[in-house]
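Novice:
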Amino acid sequence: MVPWISALIFCLATIFSGTLCAQNGTTYPTVTKHANALTNAPVEKLSENIFRVGKVMLDKKNHTLSFPAAINMSSNLIEFVCDSGDTKLHESLLRTEISPLHLHLAALLLSKPGSESTNGLPITISITSVGQTNTQPLEEFIQKKDPKTGKQTTMPKGNWLYTGWQGYGGRIPGEISGVVIALLGDSTALINSRDSDHENDQIWEVNAAVVPAVGTKVEVTIRFEKPAA
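In terms of our numbering, the sequence shown has -12 at position 4, counting the first letter as 1, and numbering is strictly consecutive.
(1) Going by Cα to Cα distance, which pick from A54, T117, Q116 and L168 is closest to L61?
(2) In this structure, does DSSP put L73 in helix, strand or coil?
(3) For I165, collect the residues of the same chain with a Cβ closer than 6 Å to its Cβ; drop the 5 residues on either side in sequence, then sort them by chain order.
(4) Evaluate contact between the segment 43 to 52 and the segment 178 to 186, counting only Cβ atoms and requiring at least three cross-stretch pairs below 8 Å.
(5) Tell me which residue opens and which closes the beta strand (DSSP E) that P84 is part of.
(6) Tell me whether T16 is buried or exposed, calling it buried when 16 or more other Cβ atoms sit within 10 Å of its Cβ.
(7) What would DSSP say about E209, mapped onto helix, strand or coil?
(8) Which residue comes first and which comes last in the beta strand (DSSP E) that contains Q127?
(9) Please return the same chain residues whose Cβ sits closer than 6 Å to the Cβ of N103, not counting the five positions on each side in sequence.
(10) To the nearest angstrom, report how far apart P26 and G134 are at their CA atoms.
(11) Under three-state DSSP, which class holds E123?
(12) List the DSSP bridge partners of D62.
(13) Decide if the segment 76 to 96 is in contact with the segment 29 to 39; the criterion is three or more beta carbon pairs, one per stretch, under 8 Å apart.
(14) Give every residue of the same chain whose Cβ lies closer than 7 Å to the Cβ of G91, excluding the five residues on either side of it in the sequence, and list them in chain order.
(15) Just mark N8 as buried or exposed, buried being the case when its beta carbon has 16 or more other beta carbons within 10 Å.
(16) Please classify E28: is it buried, with 16 or more other beta-carbons within 10 angstroms of its beta-carbon, or exposed?
(17) Using only alpha-carbon positions, find the residue among D185, T71 and I109 that is nearest to G142.
(18) Between the Cα of K72 and those of E203, T172 and F125, spot the shortest distance and give me the residue it belongs to.
(19) Output needed for S59: all residues of its chain with C-beta closer than 7 Å, excluding positions within five of it in sequence on either side, in chain order.
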């Protein structure tokens, strides 16, 4: 195995041990169901530029991460885009079985050796229904209601930020909360919206005219707008 990959795995394993301890605390509920899988975070090199971390696929050439998910809501207000836990599913567009820890490890592998991380980098997110070739920007699945006029439009593009692992006593909060992508500001989420109205919990709705039926399997692709420096 490439030495720098081994080093990252060791670091993430150390973080993981703290994460399990954090799940016994009271600040965040224990909601993720993948604790056993997290004891091993295998990094498989499938080709020169393609890696697999758990259920997350990494394409170093195209600077993308992709993972499986499913439609969780086809209407109503939402506060989250993708959740791997239990407590936020009632207000999340997508659900996934991936480990946030694996996703963050894959993001770190996009960093050049010696750099700090991919935290703070702008990203784009697209959705592809399994078995289909048509890929759509995530924003097309979400409607935004104008706070002043009440008019609904498709969510403006270009407002996603990979906030990554925000330290919580040396642990990864996303592995405790289960939140992968948040619309409303969430310090535990790996990805957050930076829309000017992202804190308003009354204006974000599922675009029922576009979103397929609940349970439809999809692939989520995250593209970093520029290579991690």
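Glycine is no exception: its CB is placed at the ideal position from the N, C-alpha and C atoms.
Specialist: Well, looking at it:
(1) Taking the first residue of the sequence shown as 1, we reach residue 61 at position 77. Minimum Cα distance to L61 is reached at L168.
(2) Locating residue 73 in the sequence shown gives position 89, where the first residue counts as 1. Note: L73 maps to helix in three-state DSSP.
(3) Position 181 of the sequence shown, counted from the start, is the residue given in the question as residue 165. Its chain contains V65, C66 and I175 as the residues whose beta carbon lies nearer than 6 Å to that of I165, once the 5 sequence neighbours on both sides are disregarded; these appear in chain order.
(4) Flag = no, the segment 43 to 52 and the segment 178 to 186 do not touch.
(5) In the sequence shown, residue 84 corresponds to position 100, counting from 1. Run containing P84: none in the beta strand (DSSP E); it sits in the alpha helix (DSSP H), P84 to L93.
(6) To locate residue 16, count along the sequence shown from 1; it is residue 32. At T16, the pLDDT of 48 sits below 50, so the modelled position is not reliable and the matter cannot be decided from this model.
(7) As a working note, residue 209 is residue 225 in the sequence shown. Three-state result, E209: coil.
(8) Here residue 127 corresponds to residue number 143 of the sequence shown, with the count starting at 1. For Q127, the enclosing beta strand (DSSP E) begins and ends at I126 to K129.
(9) Working through the sequence shown from its first residue, we reach residue 103 at position 119. Residues G148 of the same chain have their beta carbon placed closer than 6 Å to that of N103, with the five preceding and five following residues left out of the count.
(10) Position 42 of the sequence shown holds residue 26. Position 150 of the sequence shown holds residue 134. Rounded to whole angstroms, the separation of the alpha carbons of G134 and P26 is 48 Å.
(11) In the sequence shown, residue 123 corresponds to position 139, counting from 1. Residue state, collapsed to three classes: helix.
(12) As a working note, residue 62 is residue 78 in the sequence shown. For clarity, residue 62 is Ile in the given sequence; the question names Asp instead. For I62, which the question treats as bridged, DSSP gives no partner whatsoever.
(13) Because the criterion of three Cβ pairs below 8 Å is met, the segment 76 to 96 and the segment 29 to 39 touch.
(14) Working through the sequence shown from its first residue, we reach residue 91 at position 107. Before going on, a small fix: residue 91 reads as Ala here, not Gly. Same-chain partners within the cutoff: L49, T102, Y146 and G148.
(15) Sequence index remark: in the sequence shown, residue 8 carries index 24 (1-based). With a pLDDT of 35 at N8, under the threshold of 50, the modelled position of this residue cannot be trusted, and the question is left open.
(16) Taking the sequence shown and counting its residues from 1, one reaches residue 28 at position 44. By the neighbour-count rule (16 or more Cβ atoms within 10 Å), E28 is not buried but exposed.
(17) Taking the first residue of the sequence shown as position 1, residue 142 is located at position 158. The shortest Cα separation from G142 among D185, T71 and I109 belongs to I109.
(18) For the purposes of this step, residue 72 is identified with residue 88 of the sequence shown, where counting begins at 1. K72 has its Cα closest to that of T172, out of E203, T172 and F125.
(19) To locate residue 59, count along the sequence shown from 1; it is residue 75. These residues qualify, in order along the chain: V190 and A192.
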